[in-house]
Every structure is written in C-alpha cells, then in structure tokens.
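Visitor: These protein sequence lines are chains A and B, in that order. My numbering applies: residue 7 is where the first sequence begins, and numbers increase by one. My numbering applies: residue 36 is where the second sequence begins, and numbers increase by one. Just so you know, even glycine gets a beta-carbon here, dropped at the ideal spot from N, CA and C.
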Amino acid sequence: MRNLSLTIGLVLITLFGCETYSQSDYEEFYVVESYMVANRNLQQVRLSTTVPAFEFYDFDDSAIRNAIVQVRLLNQNSSSIDSVFNFTMTDPGIYQPVSTHRVLPTRSYQLFITIPNGNILDEISATAIVPDTFSVIDGILDTLVYQSSEQLSVTFSESSYPGRQNVFVFTTISENPIIDNLTPIYLDFYEDDEDLLEFSVTSSGLLNEGNFTQFPDGSVTINYPWLAVAFYEENRIVATTVDDNIYDYIRSNAVQLGGSTLSPGEIQNVLTNVKGGIGLFGAMASDTIPTFIKRNPFLE
Amino acid sequence: MSKHFLFFTAILLLFSISSQARQSASVSGYVKDSETGETLISANVAVLENNRGSSTNTLGYFTITNVQPGSYTLAASYIGYQLFQKEIILTVGENLRIDIELVPDFVQGEEIIVESQAEKEELKSIGIAQVKTELIKALPAIFEADVFRSIQLLPGVKAASDFSSGLYIRGGSPDQTLILLDRTTVYNPSHFFGFFSTFNPDAIKDVRLYKGGYPAEYGGRLSSVLSIYNKDGNRNKRAGSVTLGMLASRASIEGPIKKGSYMFAFRRSTLEPLLSALRQNNDNIPSRFYFLDFNGKINFDASTNNKFSLAAYTGTDKVTFPFADDAEIKLNYGNQTISGNWTHIFNEKLFSNFVITGSRYFNFPEFEIAGTPFERENNIYDYSLKSDLEYLPSEKHQISTGVWAGIFTLNLQDRFDNQDSFSSRIHSRYGSFYIQDTWRPSDLWKIIGGMRLNYFSDGDYLRLEPRLSVEHRLTEKVRLQAAYGRYNQFFTLISNEAFSGFDVWLTSDDGIRPAYGDQFVLGAKTLPFKNYGLDIELYYRNMNDLFELDPFLPDAAGLLYSDLFRVGNGYAYGFEAMFERQVGRLNGFIGYTFAYTWRKFPGFNYELSDASRAARFYPPKYDRRNDINLVLNYNLSRKWTLTGSWSYATGQAYTQVLGRYALFDDPFSLGSEVGSFTVNEVNAARLPSYQRVDLSFARQGTFFGIGEAELQLQIINVLNRKNVWFQNYDFDENPIKITDVTLLPVLPSISYTVKF
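1. Consider the Cβ of residue 662 of chain B: report whether some Cβ of chain A lies at a distance smaller than 8 Å.
2. To the nearest angstrom, how far is it from the Cα of residue 789 of chain B to the Cα of residue 748 of chain B?
3. For a cutoff of 8 Å on Cβ pairs, would you count residue 294 of chain B as touching chain A?
4. Name the chain A residues that come within less than 9 Å of residue 109 of chain B, Cβ to Cβ?
5. Check the Cβ-Cβ distances between residue 81 of chain A and every residue of chain B, and say whether any is below 8 Å.
6. Buried or exposed: which applies to residue 462 of chain B, given that a residue is buried once 16 or more other Cβ atoms fall within 10 Å of its Cβ?
7. With 8 Å as the threshold, decide whether the Cβ of residue 102 of chain A is near any Cβ in chain B.
8. Against chain B, with Cβ distances strictly below 8 Å, would residue 93 of chain A count as a contact?
9. Counting only Cβ pairs nearer than 7 Å, list the residues of chain B close to residue 136 of chain A.
10. Between which two residues does the beta strand (DSSP E) harbouring residue 551 of chain B extend?
11. For residue 59 of chain A, would you say it is in contact with chain B, using Cβ-to-Cβ distances shorter than 8 Å as the test?
12. Let me know the secondary structure DSSP gives residue 83 of chain A once reduced to three states.
13. Just the chain B side, please: which residues come within less than 9 Å of residue 245 of chain A by C-beta, in chain order?
14. Can you tell me whether DSSP reads residue 637 of chain B as helix, strand or coil?
15. From the DSSP output, in three-state form, read off residue 195 of chain A for me.
16. Do residue 111 of chain A and residue 44 of chain A come within 8 Å of each other at the CB atom, strictly closer than that value?
17. For residue 190 of chain A, count neighbouring Cβ atoms within 10 angstroms of its own Cβ and tell me buried if that reaches 16, exposed if not.
18. In terms of DSSP beta bridges, what is residue 613 of chain B paired with?
19. Rank B:544, B:576 and B:592 by C-alpha distance to the C-alpha of residue 582 of chain B and give the top, closest one.
20. Taking C-beta to C-beta, are residue 686 of chain B and residue 728 of chain B nearer than 8 Å?
21. To the nearest angstrom, how far is it from the Cα of residue 656 of chain B to the Cα of residue 632 of chain B?
22. How many angstroms separate the CA atom of residue 223 of chain A from the CA atom of residue 354 of chain B?
23. Work out the CA separation of residue 69 of chain A and residue 99 of chain A for me, nearest whole Å.
24. To the nearest angstrom, how far is the alpha carbon of residue 226 of chain A from that of residue 175 of chain B?
25. Under 8 Å Cβ-Cβ, which residues of chain A neighbour residue 583 of chain B?
26. Looking at chain A, is there any beta carbon in it that lies within less than 8 Å of the beta carbon of residue 178 of chain B?
27. Taking 8 Å as the CB-CB cut-off, is residue 614 of chain B touching chain A?
28. Where residue 730 of chain B and residue 266 of chain B are concerned, what is the direct C-alpha to C-alpha distance, given to the nearest angstrom?
29. Would you mind listing the beta strand (DSSP E) stretches within the segment 196 to 283 of chain A that are 3+ residues and don't spill past its ends, in chain order?
30. Between the C-alpha atoms of residue 246 of chain A and residue 174 of chain A, what's the straight-line distance to the nearest angstrom?
31. My output table needs one value for residue 189 of chain A: the three-state DSSP class, helix, strand or coil.
32. Report the residue from B:451, B:473, B:420 and B:561 whose alpha carbon sits nearest the alpha carbon of residue 467 of chain B.
33. In the structure shown, what three-state DSSP assignment does residue 433 of chain B receive?
34. Please classify residue 123 of chain A: is it buried, with 16 or more other beta-carbons within 10 angstroms of its beta-carbon, or exposed?
35. Return the chain-ordered list of same chain residues with a C-beta closer than 7 Å to the C-beta of residue 34 of chain A, the five sequence neighbours on each side being excluded.
36. Residue 216 of chain A versus chain B: which residues are under 9 Å apart at the beta carbon?
In structure tokens form, the structure reads like this:
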C-alpha cells in the first residue's frame, strides 16, 4: 500500500508539475480608427494608444501627435500603389486629409502610419476593400403609421463584396429626438436622467443578405422592422454594406463581455485586422431613405 | 496418422467440453426488493462453497454457470438489504431458475457481507459511480431534490455555477455526456433554464454514471454516459407519495397489475402564488412561469422468460414575460421520451433485451418587441431500435453484443419579422454494433475487451472504437484497474452556461468531421477498513476535431453549414479520490479532484502582437484545479436525520482585462463612445475560491395515520458566502467600475412528504 501510494504520488508530480499558463502584464497598443465610405470624401483618422483597463481614459491624453499618416489607393489587384493621400493632425490624435478624394467603390485602400519611437519607426498598416455601391430602387414611403399593416419594404439594387454575400447594417436616425416622440417600447426603457441622443440612433447589428428576399438581378428587398424605430416623425434610415474589417470588429466586440456561447468572464480580444496595432480601418457603402413615422392611434 | 490423431483429439476435447457442460449445472434468475418487487441492479449473488459469483445486470438478472452438481448455499446481498441465503441442490445438467427477493434492512446496521471471494467483487468497475435515490432525496437541495446536483458532488464532476445543473465531467462540456432514461436519449435534461434536471427522484430507481472509459455497450459521446432507469412500480401493493415544496410539488403512485406493475409520477412547479404576489409591486415578473413533468411505466411479465415494459416521459417549461409595455418573451421547451422494452431469456446462458425508443426535444422561443416578432421552431426527433445479447459460453467468459440503429431529425426554423431568416433540416440515419468479452482467466484477473462500430449518414462517417479494461486483484482489499477507449461524437450543443432555454443541437456533416478522442484511466479500488471504501483514479483524455458553433458568428443566414463552426481540440487529465462509508448511523463520502482541462480553437486566444494569430491552449471557465466535496448523513435519532454537504473548489478561470480603448466615429452609433478591452491570455486568471455549506434536517413521522410523513428543512449556503460567478464592467463609469456578480445567497427551503 505504501509503495502504491508513492508510485501514485510520483506520477502525479510528473503529470501535473509541468503545466503553466500564467497571466501577462498590460501591454500598450496603438489604436487606429478610420472609415472609408464609397463615393464620399476621405474621412479623418484617429490615432491613440490603449491605457490600463482600470485607469481613467481620455482620448486626448492617449492621442499620438507625431505620426505620419497616409491612405493609399491600391491598384486593381492590390499589388501596387496608385495614389497616396497624406493626412495632417488638426486636433490631438486626429488627422485630416490634406486633399479631397472621393472613395472609389470596389477598390482597396491601405492605411499606412509611421510613428517615431526613439531610434526606430513603428509602423501600422491595414487594408480595406470598399463594397460596391447600391441604391434604393423601389418601396420608399414618405409617411408610415407606426406598427400599421403597411410596413416599410425597400428594394435595393445589387451590391457586391468579393468572396461572400453582402452583410448589412441598418441604422435609424431620428431628426427630432424629443421625449414626446419616443415610441412606446423606447419610452418604457427610457429613464429620466438618460441622454435622449443615445436613443436617437438605433442599429440593427450585422445582418446577412441571406435573410432577405433576393432576386435574380441581385437586388434585395427588406422589410424594415418597427423595432428599429425609436422616435416618431422624421427619421433617416441608413442602409449600409460593410467590409470584412467592420464585420470582424462588430461581431467580436458584440460578444466581448458575454453572449453567444461564451461563458461569463471568458473574454477575448476584438478581431482587428491591423498590423502593428489594433482598432478599425473599415470600409462601407450606404444609401439613405428619409421617412416620416406617424403615431398609431390604436396604440396610444 | 498425425491428421487422424489431431482429429480424434479434437473430438475428444469437444466431447470433454460438452460432457462437462452436460455434467455441470447453472442457477439464474432475478433479484428483487421483497416489498416492492423492484429489480435490483448490480446486486451480488454467489454460490458460497465454490467461490462462484455474479452481479445482476441492468434488468436485475443474474446467471452463474458451470457449477458442478451438488449441494450449495446460494447467497445474495445488496446495500440496505438483509443477507439472503438458501440451500440449493443442483443435479447434472440442471438449470435452476430462482428469483431472489431481498428484504430491506431498515435498521442502519453494519454492512452485511456475503462471505465469499466472488462477493468481494466491487460493484463498480473503473470509472463508474452509482448514486442512490435515497441520497438524492436526502441531500440539501436548492428548492427541489435533483439528480444532477447530487451527481455534481462526485469527484470528477463539476458544476459551472449554482444556477446550472449541467454536468462537466472530467474536463468535458455537458454535451459530451450521453444522458439515457430507460435507454432513451434525452437531449435537454433541464428545467427552469438549467437550474435543475428533468429527472423526478420519486420516479427513479437507478442512476449510474460512467465517468470515463465507458464500455462498448455505449457510444456517441466523447466523455461519459449517465444511465437512469425509472422504477418499475411496486409489484406487491399500491403505494404512493405526495411532496409539497417551495418551488414544486410532486405526486407519485405505483402498484401491481395482473402479472406486472405500474408507476406514475407527476411534478409541477407551484410558483404562481409567489409570482402573483410579486407582480403587485414589481413589473419585471413573468405573467406565466411553470414547468411540469410526468413519468410513467407499465410492466407486464408475460412469462418467467419474457418481460415487457412501456415507459414514457414528458416535460415542459413555459414562460411568458412581458418585460416592457410593448415587448414580451415566450418560452416553451421540453422533452418527450417513450421506450418499449422486451426482455427475453433464451436459456441460462443467453439473455436478450430489445428496445424501441423515441425521443423528442422541442424549443419554441418567441419574442415580440414593438410589433416585431421573432420566432424559432426547434425540434429534434430521434427514433431507434436497440438489441443487446448477453451470452455466457463458460464461467470465464461473458460475451455481450448488440446493435443500435435509428433515425435522427433536426428541424430548425427561424422567422424574423414574419420572414424566414434561417432554416435547417438534418435527417440522419445512425447505427452502431458492438461486441465485448468479459474474460476472467482467474479469480485475480478480469479483462474486458470490446469493439464498437458507429455509422452516421450525414457525411457518411464510419468509425471504429476499440475498448479495453483490465482489472487485477492485488490483494484481498486492493484491486488495480486500467482502461482505454476511443470515442466519437457526431453531435454538438449550442448552449450558454448561464441559460439553457435556447439550446440547439447540431450534427457533423460533409465538411464537419465528427469529434473523436481517446481516454486512458488507471484506478485502484481499496477496502482499507471494514465498511469503508477508498477509490483512486487517474485519467487522461484528448479531444480532437471538436466542432462547435463559432461564438463570433452574428448571423447564420446564407452561410454554408460548415461555415457555422469552429473546429479545435483539447485535452484533460486529473486525479480523483473518493473515501466513503455506505452504512452505519454516520455515513457519507468525501471526494477530491485535482484536474486540468484545455481547449484550443483557431483564431482564438492569440497574442495581439502576433501577426500569424497562432492560437494557444486555454482553460475553459469550468476548469477548477482543486475540488472537494464532503457529504455526511447522520441519524440523530429514529425520527431525525441530518444531512450536510460542504463544497470547496479553487477559483474558476476567467480573463483578466488588461487595457482599454474606445472608438468614437462609429457610423452606427453616431458619435457615441464604443469601449473595448484588450486581453492577453484568455482565462489565465482565477476567481476567488468557491465554498458552500448546505444542511438538511429531516423528521420522520406519520400523517394522521394515513402513512409515513417526512418534513424536510433545508438551508442552502448556510454561511451566506458570496461566491463570485463573474465580474461585470460598467463602461459608463470612468475609470471602469467592476462589480462582482455573485451566486446564490443563503436560502431556506421546506418540503413535506407523505407516503402511503
């Protein structure tokens, strides 16, 4: 019995003594943020760093002020650079394009940043493919009655993104976000000390094209859910198709603190397709539908 | 000349064997409870004078073959029953059929031991644990006695939280355990969002957990098998019970019918008065919330060699929760099972069992928010036929073989805003064949070798699974065991640890290979002192081609089936010890587990600065290094019993957040700050340790002369320890504010049971 116990003990020590998985310390990363919107002018680039998780966070304090920022239009097969657009810092960490450039749909753009760091230059780069544009071809209604049988049903022309179906995000933006205009569900959620502007924009999250009615010519029809409407009266509905960078960022950020099949407390990094840093350099195409939502007397 | 010599030698040998067979006798039959007529599983039976013994199978049947004619003492024993002894006389070629009835021993005396070498055969083989229903009912429980929560106290079995009855066995997730009720697969064995299991302790006869290295008779899961049998019903007299509890109440009735018996048990939640009272002052209370289940079984003994039974289960959970003025959630999910069983005894050497089973899991969640409906229809139908044969060609060999064939159908249909958004229909055929030999070359060795062949039509997968276990009796009190097995799994479960109300099963298919793994187990079973047992096991298992739903997948519409998954691997190893005393005024056990479990999935847990995004192994949340459970039962007096449990476990794994940053120009939130964390190693940090003490006081009495009564007073988490479940981060505060979300506080509970 004693020999048996000794043998078991030795086996245990051998098996269990070797496994280590220790916690690392905080590491600082560069953070980029910029968006390319098809047929719109180049937008600003934000550049900052992370801070330790439980310290006070202020963008200005963590802004990078001495970077050289470029956005490069790549050629059709992304093997070389067609054009370079330089940026200059206008506010701490915020870089604006020196010249205007209308973002071309279906083309690839590269964000390229160099930052002096002592005797070396840190480099950050990211590439985004701009989705093809699309437009509304049918179904716009100027006025709708909230939760009536006549629902906003819109048909968009074909858009495309290489290698996969389109992924949409629908955003409803209220033009008149006052408390009297809140729809019943959002009025129920609203608490007195909350900023109404936070309710003025609602977003659907990522929706695959496969959810919608698709036609042979590539157009799609969506029925816009009433759930997305937070305020009566004037609203703009923005339909957006997103690139892989935005898709990866949103889908991973949405579950970073829980949800899906992940256990509570099992936190992973957001998927960022940035070399030399983290953040988001994303591209999208969008179209906007204005509409007016009237109150439904049967719900009041 | 040599050919003739060999021929005659063979003839002589065969003649010798058949002569011996004709000269020897056998004894077989069922072992039952003398009061209820319930068959007893794994009861010991021995022919004392020649050290030949056996134990009853899962239908309560035993056979001892190749006994030389003569006079013997046939003895049988089972924990909690008086010793049975009977003088028998066996003549040449006689096959004596004798059904043994054991008398319950109501006095908690010393263990009655059948004094034979064979009797000292341990009930349990390697990796098996048996949980008595009496213990399940006696243990302090969160409102309701629960099979799974009792099993969570065993070494090697972990719980994710106080809110989940899910079984995490030897580093495996709950979907890696096959759950069988009367041999029928149960796909979502939980009520009340996973709070406790669907198994009514009043209806159950036997709970057997194969923690690892399970035999060729079972397959289809990587980790373990939990086999639960319903009671047959009292064959001698009508009996029943009624229990009133704070969360739910139960009623059962059983009794004899001509040539058989019946058992019906019903359970329903009784929360409505409480919910109604809470709704007076609080809007966030469901308008409807109940669960119910029903177990039924009818047995018919057509003859001494033919028994039939029909067993059924149905259970459902329903919730309607209007959580806002213009928003409502409805949940409706549950299980239904049915099994028809025919046991046929061909002769004393050949025993057979045939089962036809049906199982259905359904889940129909519905949301309606601001006139926008979301509906899901999720149905699983699993119909199968099983047959098992046990053949005893000699006293040294027991051959088991069987087939299991079935059809599995999964329908999953999502509709959003009255439009179909996702639809999947999986219709698969599956089949298994196994053969296994239990070989006893001597009294000191037992070798079980087997092979199982599995087929799954979706993907056309054919998989071979060898199994081997060896047991050596080192001394009278020490047995050493080793086992190996290869296991395959064609299913995966989409679930969330915090909430099991939306569980969905998916299967392997073209492009998604079944998961597979190997298990190695070493064990020692000892009897260090009289009435005490000490079991030790070491295990190692690997898991390959683990396929599970990609947690980052926001929407499945329009994707290929194979694109829904991430595929990775893992491994687990550990040490378990269990020290128990099963009889006596003070009885119970203490179990200890030291274990590791790891997973790795591509694109997950990579270093942020690593451009190649090489995945690293990480421990899942339910990885706990040390786990101790102490369960004690003490008869304070004839009327009062105290049962207590103490659970201690070192902290669960969690991810320590290291850095933070924010995006400010998100076009979908127009200027609102969107905060995120940076982490390095997933789940490299540990929460504080977990500890909980539960107590239960039970008082026996009578109820106005109608029958026996038991009042049970329980206190869960007597110490009111604030065990941490996870940390919550509030990004609205700057710096970010952390709040611990804790598990159950101290909870009293009361129940009253009347038995008639």
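Guide: Put simply:
1. Contact of residue 662 of chain B with chain A is not assigned, every C-beta pair being separated by 8 Å or more.
2. In this structure, the CA atom of residue 789 of chain B is about 15 Å from the CA atom of residue 748 of chain B.
3. False, the Cβ-Cβ gap to chain A never drops below 8 Å.
4. Those do not exist, as residue 109 of chain B stays about 34 Å from chain A at its closest Cβ, beyond 9 Å.
5. Taking CB atoms only, residue 81 of chain A has no neighbour in chain B less than 8 Å away.
6. Looking at its Cβ environment, which holds fewer than 16 other Cβ atoms inside 10 Å, residue 462 of chain B is exposed.
7. False, the Cβ-Cβ gap to chain B never drops below 8 Å.
8. Among the residues facing chain B, residue 93 of chain A is not included, as its CB has no counterpart in that chain under 8 Å away.
9. The contacting residues do not exist; residue 136 of chain A stays about 14 Å from chain B at best.
10. 550 to 561 is the span of the beta strand (DSSP E), which, as asked, contains residue 551 of chain B.
11. Closer than 8 Å: yes.
12. Per DSSP, reduced to three states, the secondary structure at residue 83 of chain A is coil, with no helix or strand assignment.
13. Chain B residues near residue 245 of chain A: none, gap ~12 Å exceeds 9 Å.
14. Of the three classes helix, strand and coil, the one that applies to residue 637 of chain B here is coil, per DSSP.
15. Of the three classes helix, strand and coil, the one that applies to residue 195 of chain A here is helix, per DSSP.
16. Going by C-beta atoms, residue 44 of chain A is nearer than 8 Å to residue 111 of chain A.
17. Around the beta carbon of residue 190 of chain A, a 10 Å sphere encloses 16 or more other beta carbons of the protein chains shown; the residue is thus reported as buried.
18. Answer by DSSP bridge pairing, in chain order: B:570 and B:626.
19. Here the closest residue by C-alpha is B:544.
20. No, they are not a contact pair.
21. Computed Cα separation, rounded: 10 Å.
22. Cα to Cα, residue 223 of chain A sits roughly 44 Å from residue 354 of chain B.
23. Cα atoms of residue 99 of chain A and residue 69 of chain A: separation of roughly 4 Å, rounded to the nearest angstrom.
24. So the two alpha carbons sit approximately 58 Å from each other.
25. Within 8 Å of the CB of residue 583 of chain B, the CB atoms of chain A belong to 267, in sequence order along the chain.
26. No, residue 178 of chain B lies away from the interface with chain A (no Cβ there is under 8 Å from its Cβ).
27. Residue 614 of chain B does not count as touching chain A.
28. Those two C-alpha atoms are separated by around 28 Å.
29. For the segment 196 to 283 of chain A, whole beta strand (DSSP E) runs of length 3 or above, ordered along the chain, are 207 to 209, 226 to 229 and 239 to 248.
30. Spanning the two alpha carbons is a distance of roughly 5 Å.
31. Here residue 189 of chain A sits in coil by DSSP.
32. Put simply, of B:451, B:473, B:420 and B:561 the residue whose alpha carbon is nearest the alpha carbon of residue 467 of chain B is B:420.
33. Under the three-state reduction of DSSP output, residue 433 of chain B falls in the strand class.
34. That one is exposed.
35. Within the same chain, 55 and 56 come within 7 Å of residue 34 of chain A by CB-CB distance, once the 5 residues on both sides are set aside.
36. Close to residue 216 of chain A, with beta-carbon spacing below 9 Å, are these residues of chain B in chain order: 456, 457, 590, 591, 592, 593 and 594.
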